[in-house]
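Letter by letter, the first sequence follows residues 10 to 607 in this note's numbering.
Here a beta-carbon is modelled for each residue, glycine too, at the ideal position from N, C-alpha and C.
Everything below concerns the one structure shown next.
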Amino acid sequence: MTAPRGLGPAEQAIAEALATHLAVPVERIEVESSSKNAPGDFRFDLRPLLPSGEQATKDVCREWAEKVAAADWIEQAVGVPPRVYLTPRLDVLSSQVVDGVYDQRRTYGTGEEHAGKKIVVSYNSPNANKALHLGHLRVCFMGMSMANLLDARGYDVLRSEMLSNYGIHICQAIAAYERWGDGATPESTGMKGDHFVAQWYAMYHAKLADVPELEEHAATLLQRMEAGDEKLRTFNEQFTEWSIQGIFETYERIGAYHDFRFRELDTLPIAMRLITQALLRGDCLRRPDGSVYVDLDDKALGQVTILRRDGTPLVFTQLLAVWVRREQLHPNHWVMHVTGDQWTAGVNALLEILKRFGCERAGSMTEGVYFGMVKLPEGKMRSREGIVVGADMVLDRLRDRMIETWAEAAPGPIDHFQRDVSERLGLAVVKYWLLGFKRHAYITYDEEVMWRDGRSGLAAVVRVLRCAEEATDTIASAPESVTPPAALNKAARVARRELLLRLNAMPKIVGQALERRDPADVVHYMDDVCRRASQCDRQAALDPATWRSVGIVVRRCLALLDIELPPSLRYLPPPFGEADLADEDDSLPEPAATVPAR
RNA sequence: GCCCCGGUAGCUCAGCUGGACAGAGCGGCUGACUUCUAAUCAGCGGGCCGCAGGUUCGAGUCCUGCCCGGGGCGCCA
């Protein structure tokens with residue numbers, strides 16, 4: 010019964026007005042917005058209001074509806090057992106929504122229904138042998154946004170990640186580095202750390218066919234480290250820290266952060282002890298060749314190997330350690346593990362193993378939130394074969410394209426400010442684009458779509474951002490001018506009513522996005538609000554107060570999605586930047602002609 | 001073979017946990033203006049909602065079966 014009702018300001022205002030008008034206690038009136046084709050915008054259930062024994066019959070409902078309709082702020086009320094459907098007058102709805110949104114401002118859409126619950130959002134677990142790619146971007150954006158949604162509804166949220174800086178994948182990169190690296194470092198080559206390390210991993214796989222002994226060498230490196238080769242372990246750490254520093258730089262760039270994190274090298278001993286104990290109890294088994302596994306056949310999860318024949322750890326070994334350690338540090342937190350859907354079975358297996366190993370809480374307090382992968386037009390991304398779209402590359406491309414467009418339109422040096430706007434806008438586009446897909450959808454990367462598409466690309470982002478800015482500008486320039494709703498024609502009144510109802514729906518939408526674990530709901534909602542707002546504005550200039558509500562809603566949504574607004578849109582590159590670039594040249598023909606009609 | 005996720009306009013995707021005429025953006029077609037191998041604006045056309053049953057007054061939405069696509073079932077991560 011914790012499902013958030015998601016009441017908007019209109020529902021609350023209507024409930025109060027009804028209570029007064031009908032002379033009934035406000036707690037008994039539960040006003041809710043009705044579905045699209047209902048006989049009224051809102052409805053409330055009559056049953057709690059009737060004396061016990063009395064039924065909400067057709068006649069009773071009609072009687073109550075007539076009473077409701079008598080209120081001067083009601084346009085229409087219809088009784089449909091067991092409810093009364095009502096439609097408030099447009100001007101009344103307008104002030105209820107507009108004032109209500111303004112009253113709540115920064116808290117609009119938030120709620121306390123989950124207050125007191127603690128949760129760790131675990132997102133992204135990059136390997137320190139390659140650079141972040143598009144898939145990592147998706148998980149980061151998803152994780153940040155889910156954390157924001159949880160936070161908005163009262164959860165006490167911590168963000169966490171794990172870094173895999175130990176294991177065969179690292180040794181493979183080191184093997185190639187030892188052979189061809191010649192002592193190079195990120196500093197000596199001027200490369201970003203993760204890209205530096207990634208090249209050796211890529212080289213390992215590229216050369217493996219010609220130099221098969223690499224495989225043996227990598228395995229030996231891992232065994233030596235397991236045997237306690239301090240020098241090698243130290244190098245392993247230095248090598249992976251180069252990579253991790255590069256990953257952190259990208260985090261900074263995309264605004265991702267974590268409250269705490271685990272490095273495999275630190276947590277692994279926990280898993281090793283755990284496995285030793287489990288072996289003694291018979292919770293896991295050792296094969297004749299020495300490898301250790303857990304038999305989950307009874308759960309249709311197969312046999313999961315947790316130690317290699319040579320005793321070295323696998324990915325599940327790391328996961329076990331992290332789950333146990335995190336539970337030790339934050340024993341009262343639930344865990345929301347955000348990851349790609351290829352991990353669905355893996356996470357289930359992990360949780361099952363934890364339970365069998367006696368870590369009941371760690372195994373039962375985790376919820377997996379899975380999303381579809383990001384593909385390339387030619388198919389799956391494959392890190393080993395170098396078929397990837399790097400995170401930095403995507404961001405660079407969009408930024409540079411923006412700068413190029415700018416340079417073409419206004420020859421001359423590109424200043425810091427323009428670079429900054431290009432960078433931020435490029436990031437906003439990638440976030441908007443990736444988060445706009447339903448969580449389970451597979452995404453095919455297409456830079457052209459991001460750049461050109463009016464629904465999910467740059468144009469859509471600019472529309473949204475402009476909407477937010479328009480709100481501020483309108484308020485600043487004409488705080489008192491108002492087009493009274495009464496002056497609108499019929500089509501405009503319908504559109505205005507729909508806009509107001511959408512603005513009113515934000516709390517509900519946020520609740521839904523949280524329940525469904527899908528920020529896409531917020532993206533679509535925000536987009537819808539912006540379209541409706543500009544449609545209304547085209548029909549008849551939208552009044553500043555309504556614009557202000559639109560601005561509040563859009564900014565709140567952007568915040569939930571972790572999308573940052575560039576400082577001002579007036580300085581965007583064309584075709585979005587209007588004609589302001591040549592602002593010194595006053596003799597130009599009226600630039601206002603290109604401004605969308607208000 | 002088993003498990004999971006999808007299948008909605010030419011393409012990429014929405015469709016609020018059953019409700020009237022199924023939407024958007026690209027592309028296409030038409031027109032306007034013009035900074036004329038283009039951009040912008042306005043408008044138009046376009047859909048056996050994979051197939052077949054079932055539940056319901058009513059199904060793109062729920063159930064069953066089938067078909068197709070993707071993912072997982074590694075001593076990879």
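Given residue i, which residues of its chain have a CB within under 8 Å of its CB, disregarding the five upstream and five downstream residues?
i           : result
residue 114 : 561
residue 51  : 19, 20, 23, 40, 41, 42, 43, 94, 95, 96 and 97
residue 183 : 209, 227, 230, 244, 245 and 248
residue 461 : 467 and 468
residue 277 : 175, 322, 326, 327 and 330
residue 77  : 27, 30, 31, 83, 86, 93 and 95
residue 451 : 381, 382, 383 and 384
residue 501 : 545, 548 and 549
Please classify residue i as buried or exposed, where buried requires at least 16 other C-beta atoms within 10 Å of its C-beta.
i           : result
residue 159 : buried
residue 105 : buried
residue 571 : buried
residue 475 : buried
residue 373 : exposed
residue 285 : exposed
residue 75  : exposed
residue 121 : exposed
residue 499 : exposed
residue 61  : exposed
residue 338 : exposed
residue 268 : exposed
residue 341 : exposed
residue 465 : buried
residue 315 : buried
residue 240 : exposed
residue 67  : exposed
residue 593 : Per-residue confidence for residue 593 stands at a pLDDT of 34, beneath the threshold of 50, marking its modelled position as unreliable; the derived number appears in the next sentence. It counts as exposed.
residue 333 : buried
residue 164 : buried
Determine which residues share a DSSP beta bridge with residue i and list them.
i           : result
residue 207 : Paired residues: none, contrary to the question.
residue 380 : 349
residue 316 : 301 and 322
residue 452 : 383
residue 97  : 83
residue 129 : 167 and 344
residue 466 : In DSSP, residue 466 forms no bridge with anything.
residue 42  : 51
residue 89  : 92
residue 136 : 173
residue 123 : In the DSSP output, where bridge partners are listed per residue, residue 123 has none listed.
Inspect the beta-carbon positions of residue i and residue j and report whether they are closer than 8 Å.
i           : j           : result
residue 130 : residue 161 : no
residue 57  : residue 70  : no
residue 117 : residue 541 : no
residue 303 : residue 362 : yes
residue 441 : residue 384 : no
residue 432 : residue 410 : no
residue 128 : residue 166 : yes
residue 393 : residue 145 : no
residue 173 : residue 211 : no
residue 477 : residue 548 : no
residue 536 : residue 448 : no
residue 358 : residue 324 : no
residue 140 : residue 405 : no
residue 366 : residue 294 : no
residue 154 : residue 270 : no
residue 264 : residue 573 : yes
residue 17  : residue 515 : yes
residue 235 : residue 320 : yes
residue 223 : residue 185 : yes
residue 336 : residue 290 : no
Please go through the same chain and pick out, in chain order, the residues whose beta-carbon is closer than 6 Å to the beta-carbon of residue i, but skip the five residues on each side of it.
i           : result
residue 152 : 130, 132 and 347
residue 202 : 195, 251, 252, 254 and 255
residue 523 : 158 and 162
residue 48  : 87 and 94
residue 575 : 430, 433 and 434
residue 532 : 444 and 445
residue 558 : 107, 110 and 512
Taking 7 Å as the cut-off, is the CB of residue i close to at least one heavy atom of the ligand FMN?
i           : result
residue 474 : As for the ligand FMN, it is missing from this structure, which has no ligand bound.
- Item | Those runs of the beta strand (DSSP E) which lie wholly inside the region 236–297 and span at least 3 residues | 269–272
- Message: To test your reading of the DSSP string, which unbroken alpha helix (DSSP H) runs of 4 or more residues are found completely within the region 159–221?
- Response: 177–189, 195–198 and 202–216
- Query: In chain order, which alpha helix (DSSP H) runs of at least 4 residues are fully inside the region 353–434?
  - Reply: 353–365, 369–373 and 400–418
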